[in-house]
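Chemist: Let me begin by handing over the structure; questions about it come next.
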Amino acid sequence: MDRQTNTDLVNVEATMRRVKNNGLVASSPLILKLAADQRHIIYFDNACFKKSKTATLNKALEVRSGWNTDVFHKAMKSKTFVTKVNESACFSIIFRHPIRHFKSLNLICEDAQTRQNWKADKNRNGYLAFEETWNLLLSLNLELDKQIARKTFEKSDFRKEGPSADALDFDEFHHFFRYLTDRPDLRDIIRHYLCGHQLMGDATIEGYILALKKGARLLELDIWPGENDLQVTHGHTLVKPVSLSVVLKAINNYGFSTTPYPIILSLEIHCDVRKQAILADMLVKTFGKKLHKNVAHLKTLPSPEELKNKILLKGKGGLAKELATLIAIVSAKLVNPLVDLERHAINSMASKSEDQLVAMVEENQPAMVKYTSQHLVKCYPRGTRTSSTNMNPTADLANDLNTAMFSINGNCGYVLKPDCLQNKESSTEQQVKRMIVRILSANFLPKPSTTTSKEDVIDPYVKVETFGMPSDRVKYRTAVIRNNGFNPCWNESFRIDLRYADSAFLRFCIKDYNLRAKDDFIGQYTIPVNSIRPGYSYIHLKTGFYRQEDPAAVLFVFISFKAE
Numbered sequence: 336m337d338r339q340t341n342t343d344l345v346n347v348e349a350t351m352r353r354v355k356n357n358g359l360v361a362s363s364p365l366i367l368k369l370a371a372d373q374r375h376i377i378y379f380d381n382a383c384f385k386k387s388k389t390a391t392l393n394k395a396l397e398v399r400s401g402w403n404t405d406v407f408h409k410a411m412k413s414k415t416f417v418t419k420v421n422e423s424a425c426f427s428i429i430f431r432h433p434i435r436h437f438k439s440l441n442l443i444c445e446d447a448q449t450r451q452n453w454k455a456d457k458n459r460n461g462y463l464a465f466e467e468t469w470n471l472l473l474s475l476n477l478e479l480d481k482q483i484a485r486k487t488f489e490k491s492d493f494r495k496e497g498p499s500a501d502a503l504d505f506d507e508f509h510h511f512f513r514y515l516t517d518r519p520d521l522r523d524i525i526r527h528y529l530c531g532h533q534l535m536g537d538a539t540i541e542g543y544i545l546a547l548k549k550g551a552r553l554l555e556l557d558i559w560p561g562e563n564d565l566q567v568t569h570g571h572t573l574v575k576p577v578s579l580s581v582v583l584k585a586i587n588n589y590g591f592s593t594t595p596y597p598i599i600l601s602l603e604i605h606c607d608v609r610k611q612a613i614l615a616d617m618l619v620k621t622f623g624k625k626l627h628k629n630v631a632h633l634k635t636l637p638s639p640e641e642l643k644n645k646i647l648l649k650g651k652g653g654l655a656k657e658l659a660t661l662i663a664i665v666s667a668k669l670v671n672p673l674v675d676l677e678r679h680a681i682n683s684m685a686s687k688s689e690d691q692l693v694a695m696v697e698e699n700q701p702a703m704v705k706y707t708s709q710h711l712v713k714c715y716p717r718g719t720r721t722s723s724t725n726m727n728p729t730a731d732l733a734n735d736l737n738t739a740m741f742s743i744n745g746n747c748g749y750v751l752k753p754d755c756l757q758n759k760e761s762s763t764e765q766q767v768k769r770m771i772v773r774i775l776s777a778n779f780l781p782k783p784s785t786t787t788s789k790e791d792v793i794d795p796y797v798k799v800e801t802f803g804m805p806s807d808r809v810k811y812r813t814a815v816i817r818n819n820g821f822n823p824c825w826n827e828s829f830r831i832d833l834r835y836a837d838s839a840f841l842r843f844c845i846k847d848y849n850l851r852a853k854d855d856f857i858g859q860y861t862i863p864v865n866s867i868r869p870g871y872s873y874i875h876l877k878t879g880f881y882r883q884e885d886p887a888a889v890l891f892v893f894i895s896f897k898a899e
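To convert a position in the sequence shown, counted from 1, into our numbering, add 335.
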């Protein structure tokens with residue numbers, strides 16, 4: 336049976352205009368086309384002989400239609416732009432950026448139909464020649480002699496005539512792949528037990544949009560008066576402001592794109608009473624019926640299920656009447672958890688710095704458990720963290736744990752606390768749970784994002800760690816596998832005893848061993864222990880600087896549990 340091998344490709348060439356970062360439309364058109372490797376977009380100025388630029392498609396986060404980026408919002412300040420440019424003919428490609436975290440390529444097509452058609456050419460022969468196959472093996476981080484690869488290629492090329500002569504079609508490539516990945520040691524392990532279980536700088540609207548798409552449900556708006564309108568910025572710094580109306584529009588458009596559960600907007604207002612009345616009018620006009628107003632008269636707070644598609648405003652007292660009536664959550668000052676438990680309103684939220692909150696927990700943990708079982712507490716970074724204004728958090732351990740906690744129910748933004756943190760009568764000390772983690776193998780591990788040489792082959796090892804209560808913190812490490820990122824095999828087991836499994840996390844982190852420098856990060860996966868299903872699992876790793884899930888890079892493990 337013939338296999339259809341059509342693939343959607345971007346059109347060979349298209350003429351567009353680019354909107355520059357300052358919001359001005361470039362005077363000369365751009366020529367865009369797809370590179371031969373089908374992984375890059377090439378664009379260059381048609382009016383001069385400037386060097387062409389490329390944009391990598393696998394770094395694209397999103398294709399966004401209309402005027403929905405910071406650059407387009409700058410352009411919209413010009414009446415000429417608004418009257419002469421059709422929004423339906425505009426779109427933006429959002430890319431990852433190693434320094435600014437993201438950047439956008441903002442384009443204006445000749446008309447809406449041109450924008451729609453810029454994707455529809457189909458052309459592919461469906462075969463892989465040896466050089467194409469060899470380049471693929473290099474990209475998969477496989478250390479293999481080229482002559483051996485050539486022999487394996489020829490052995491797989493069993494159709495010696497027709498269009499696939501000296502090239503692999505789909506079935507032949509399948510044989511080629513099986514020759515490379517045949518692993519009798521793993522095949523024997525799987526025969527014993529195979530259940531296939533899956534482990535469960537500038538103020539900008541981009542930060543808000545990306546946070547909402549990741550499922551964030553609490554956003555802070557630092558509102559200051561501007562020359563012509565209200566602005567969002569980090570006060571008393573050099574951070575450039577962004578218009579509040581633009582931020583509110585972005586929240587309204589993207590707030591419930593990932594999850595329908597309620598959003599809390601923490602308003603830090605630095606405006607006089609007149610400006611506060613204007614702010615109240617902007618909030619009502621933008622959000623309308625989505626606003627959930629004062630709930631102080633309630634004896635119990637509504638659940639997230641009851642507040643679907645609602646926006647709750649959090650603010651301090653002493654506001655203008657027009658704004659005060661919109662506040663659903665009031666600010667509270669937390670000093671003594673046991674005293675404040677009875678004194679604070681049911682719809683209050685306390686804010687504490689990370690140092691203050693840690694000190695309170697260490698001083699009286701039971702009191703804090705009791706208080707937080709009935710009231711919200713917001714923790715903010717200490718003042719010395721100059722990067723706390725960063726709306727796109729650094730991809731590190733803390734962010735990995737946070738992402739893991741909220742991924743267990745589809746990133747809906749809310750997670751039910753374990754019983755020990757809900758102030759229930761049951762004992763907080765749970766039965767010890769023994770977890771056996773067996774690291775079997777990995778496949779298609781990428782090179783570290785910091786590597787520049789295509790010839791380097793990684794030396795991977797796996798760190799197995801648990802996080803949670805201090806008594807449950809453990810760390811193990813496998814042996815280093817030399818020169819093999821394609822299919823390293825460890826087959827090592829570790830025993831972990833957990834006393835508070837409900838609040839524990841298991842983290843796998845693969846690194847590239849380096850004798851002379853710090854080991855490079857390759858990929859990780861973090862999951863709450865209570866979300867793990869026992870058995871064999873292929874774990875799709877989150878790799879690279881941005882911790883993006885890699886569909887190819889996997890870790891093969893076996894996990895079992897036993898109550899002690």
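Even for Gly, the Cβ is constructed at its ideal location relative to N, Cα and C.
Taking Cβ positions, are ILE867 and LEU841 nearer each other than 8 Å?
Modeler: Stepping through the sequence shown from its first residue, residue 867 is reached at position 532. Stepping through the sequence shown from its first residue, residue 841 is reached at position 506. Against a cut-off of 8 Å, the Cβ pair of LEU841 and ILE867 comes out as a contact.
Chemist: For PHE843, verify whether its CB is less than 7 Å away from any heavy atom of the ligand NAP.
Modeler: The ligand NAP is absent from the structure shown, which contains no ligands of any kind.
Chemist: Secondary structure at SER362, three-state DSSP: helix, strand or coil?
Modeler: The sequence position of residue 362 within the sequence shown is 27, counting from 1. Three-state DSSP puts SER362 in coil, outside helix and strand.
Chemist: Near LEU365, what residues of its chain come up, given a Cβ to Cβ distance below 8 Å and the 5 sequence neighbours on each side ignored?
Modeler: Start at 1 with the first residue of the sequence shown, and residue 365 comes out as number 30. Hits under 8 Å: THR350, MET351, ARG352, ARG353, TYR378, PHE379, ASP380, ASN381, LEU442.
Chemist: Could you name the residues that DSSP lists as bridge partners for ASN356?
Modeler: The residue labelled residue 356 in the question sits at position 21 within the sequence shown. BP columns for ASN356 are empty, so no partner.
Chemist: State the CB to CB distance for the pair PHE893 and ARG773, rounded to an integer number of angstroms; the pair is presumed to be in contact (CB under 8 Å).
Modeler: Indexing the sequence shown from 1 puts residue 893 at position 558. Indexing the sequence shown from 1 puts residue 773 at position 438. 4 Å between Cβ atoms; contact.
Chemist: State the DSSP-derived secondary structure class of THR594, mapped to helix, strand or coil.
Modeler: The residue you call residue 594 lines up with position 259 of the sequence shown. Coil at THR594, not helix or strand.
Chemist: Quick one, are the C-beta atoms of LEU669 and ALA702 less than 8 Å apart?
Modeler: By one-based count along the sequence shown, residue 669 stands at place 334. By one-based count along the sequence shown, residue 702 stands at place 367. No, the pair does not count as a contact, with Cβ atoms beyond the cut-off.
Chemist: Find out if the Cβ-Cβ distance for the pair LEU775, CYS824 is shorter than 8 Å.
Modeler: As a first step, residue 775 must be located in the sequence shown, where it is residue number 440. As a first step, residue 824 must be located in the sequence shown, where it is residue number 489. Yes, these two residues count as a Cβ contact at 8 Å.
Chemist: Over what stretch of residues does the alpha helix (DSSP H) that includes ASN587 continue unbroken?
Modeler: Locating residue 587 in the sequence shown gives position 252, counting from the first residue. Element bounds for ASN587: 579 to 589.
Chemist: Check whether the region 560 to 568 and the region 742 to 760 touch, using three or more Cβ-Cβ pairs below 8 Å as the test.
Modeler: Because the criterion of three Cβ pairs below 8 Å is not met, the region 560 to 568 and the region 742 to 760 do not touch.
Chemist: Report the three-state DSSP secondary structure of VAL797 (helix, strand or coil).
Modeler: As a working note, residue 797 is residue 462 in the sequence shown. Here VAL797 sits in strand by DSSP.
Chemist: For ASN441, which three-state DSSP category applies?
Modeler: Counted from its first residue, the sequence shown places residue 441 at position 106. Strand, per DSSP.
Chemist: Determine, using beta carbons only, whether LYS438 and PHE426 come nearer to each other than 8 Å.
Modeler: As a working mapping, residue 438 is identified with position 103 in the sequence shown. As a working mapping, residue 426 is identified with position 91 in the sequence shown. No, these two residues do not count as a Cβ contact at 8 Å.
Chemist: Return the first residue and the last residue of the alpha helix (DSSP H) that ILE544 is part of.
Modeler: Taking the first residue of the sequence shown as position 1, residue 544 is located at position 209. ILE544 -> alpha helix (DSSP H) spans 540 to 548.
Chemist: Rounded to whole angstroms, how far is the Cβ of SER683 from the Cβ of TYR715, which I believe are closer than 8 Å?
Modeler: In the sequence shown, counting from the first residue as 1, residue 683 sits at position 348. In the sequence shown, counting from the first residue as 1, residue 715 sits at position 380. SER683 to TYR715, Cβ: 16 Å. No contact.
Chemist: With a threshold of 7 Å on Cβ separation, who are the neighbours of VAL417 within its own chain once the five nearest residues in sequence on each side are excluded?
Modeler: Here the question's residue 417 lines up with position 82 in the sequence shown. Result list for VAL417: MET411, in chain order.
Chemist: Alpha carbons only, please: which of LEU647, LYS481, CYS606 is nearest the one belonging to LEU554?
Modeler: Position 219 of the sequence shown holds residue 554. The shortest Cα separation from LEU554 among LEU647, LYS481, CYS606 belongs to LEU647.
Chemist: Please classify ARG522: does DSSP put it in a helix, a strand, or coil?
Modeler: What you label residue 522 is simply residue 187 of the sequence shown in a count that begins at 1. Since pLDDT at ARG522 reaches only 38, below the 50 mark, its modelled position is unreliable, and the value read off the structure follows with that caveat. Reduced to three states, the DSSP call for ARG522 is helix.
Chemist: What's the gap between the Cα of VAL398 and the Cα of ILE428?
Modeler: Within the sequence shown, numbered from 1, the residue matching residue 398 stands at position 63. Within the sequence shown, numbered from 1, the residue matching residue 428 stands at position 93. Taking the straight line from one Cα to the other gives about 5 Å.
Chemist: When the Cα atoms are used, what is the spatial distance from LEU692 to HIS605?
Modeler: As a working mapping, residue 692 is identified with position 357 in the sequence shown. As a working mapping, residue 605 is identified with position 270 in the sequence shown. Taking the straight line joining both Cα atoms gives about 25 Å.
Chemist: Using 8 Å as the threshold, is the region 650 to 664 in touch with the region 592 to 605, meaning 3 or more CB pairs across them?
Modeler: Because the criterion of three Cβ pairs below 8 Å is met, the region 650 to 664 and the region 592 to 605 touch.
Chemist: May I ask you to report which of helix, strand or coil DSSP gives GLY623?
Modeler: Residue numbering aside, residue 623 sits at position 288 when the sequence shown is read from its first letter. It is helical.
Chemist: Kindly give me the distance between the Cβ atoms of LYS625 and LYS643, rounded to whole angstroms, as I take these residues to be in contact under 8 Å.
Modeler: Here residue 625 corresponds to residue number 290 of the sequence shown, with the count starting at 1. Here residue 643 corresponds to residue number 308 of the sequence shown, with the count starting at 1. With 8 Å as the limit, LYS625 and LYS643 do not qualify as a contact, their Cβ atoms being about 10 Å apart.
Chemist: Keeping to the same chain, check which residues put their C-beta closer than 8 Å to that of TYR543; ignore five residues upstream and five downstream.
Modeler: What you label residue 543 is simply residue 208 of the sequence shown in a count that begins at 1. Excluding sequence neighbours, TYR543 sits near LEU554, VAL582, ALA585, ILE586, TYR589, MET726.
Chemist: Which one or two residues does DSSP pair with VAL398 in a beta bridge?
Modeler: Reading the sequence shown from its first residue, position 63 is the one you call residue 398. DSSP output for VAL398 lists ILE428 as bridge partner(s).
Chemist: Beta-carbon within less than 7 Å of SER761's beta-carbon, same chain only, minus the 5 sequence neighbours each way: which residues are those?
Modeler: In the sequence shown, counting from the first residue as 1, residue 761 sits at position 426. Per-residue confidence for SER761 stands at a pLDDT of 49, beneath the threshold of 50, marking its modelled position as unreliable; no derived number is given.
Chemist: Run through DSSP, which three-state label would SER806 get?
Modeler: Taking the first residue of the sequence shown as 1, we reach residue 806 at position 471. Residue state, collapsed to three classes: helix.
Chemist: Does the separation of the CB atoms of ASP794 and ASP847 fall below 8 Å?
Modeler: Locating residue 794 in the sequence shown gives position 459, counting from the first residue. Locating residue 847 in the sequence shown gives position 512, counting from the first residue. Yes, the pair counts as a contact, with Cβ atoms nearer than the cut-off.
Chemist: Among LEU556, LEU636, PRO576, THR707, which one has its Cα closest to the Cα of ASN671?
Modeler: Numbered from its first residue, the sequence shown carries residue 671 at position 336. Nearest of LEU556, LEU636, PRO576, THR707 to ASN671, Cα basis: THR707.
Chemist: What does the Cβ neighbour count give for ASN734, buried or exposed, with the cut at 16 atoms within 10 Å?
Modeler: Walking along the sequence shown from the start, residue 734 turns up at place 399. By the 10 Å Cβ count, ASN734 comes out exposed.
Chemist: If you run the structure through DSSP and keep just helix, strand and coil, what is ILE816?
Modeler: Position 481 of the sequence shown, counted from the start, is the residue given in the question as residue 816. DSSP places ILE816 in coil when its eight states are reduced to three.
Chemist: Residues in its own chain within less than 7 Å of ASP854 by CB, not counting five upstream and five downstream?
Modeler: Numbered from its first residue, the sequence shown carries residue 854 at position 519. LYS846, ASP847, TYR848.
Chemist: Just verifying my parser: in three-state terms, what is the DSSP assignment at PHE880?
Modeler: By 1-based counting over the sequence shown, the position of residue 880 is 545. It is coil, neither helix nor strand.
Chemist: Just the C-alpha distance for ASP523 and GLY401, rounded to the nearest angstrom, thanks.
Modeler: Position 188 of the sequence shown holds residue 523. Position 66 of the sequence shown holds residue 401. At ASP523, the pLDDT of 36 sits below 50, so the modelled position is not reliable; the number obtained from the coordinates is stated separately. About 55 Å.
Chemist: For THR621, tell me which candidate among SER580, LYS656, LYS628 has the shortest Cα-Cα distance.
Modeler: On the sequence shown, position 286 is the one that residue 621 refers to. Checking every option, the nearest Cα to that of THR621 belongs to SER580.
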